[in-house]
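Inspection log for the structure reproduced underneath, given as structure tokens.
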Amino acid sequence: MLNQISAVWGDLPVAAEMIDDLLVDRRGGRRGFPSEVLAELLTVRRVAVKRMVGQPRKASRPQAAD
């Protein structure tokens, strides 16, 4: 998990989304993380979001020509 997050850390929106995917149970039945791990994941996500503020947004799809 840590290796995957660090591999995409250069693209902070992707890193934050990856952490969100870990934190939100979309399949049902997950037991969740121990509180210490949850706290660390939230801290890392907070750092990613703070670093994103003020950065230009990357276009996820090509812009239409006028």
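To convert, take the position in the sequence shown, counting from 1, and add 66; that gives the numbering used here. We put the CB at the ideal spot given by N, CA and C, even for glycine.
- Judged by their CB atoms, Met118 and Leu78 are nearer to each other than the 8 Å cut-off.
- DSSP places Asp77 in the coil class of the three-state scheme, outside both helix and strand.
- Rounded to whole angstroms, Glu106 and Arg112 show a C-alpha spacing of 10 Å.
- By the neighbour-count definition (other C-beta atoms within 10 Å, threshold 16), Ala81 is a buried residue.
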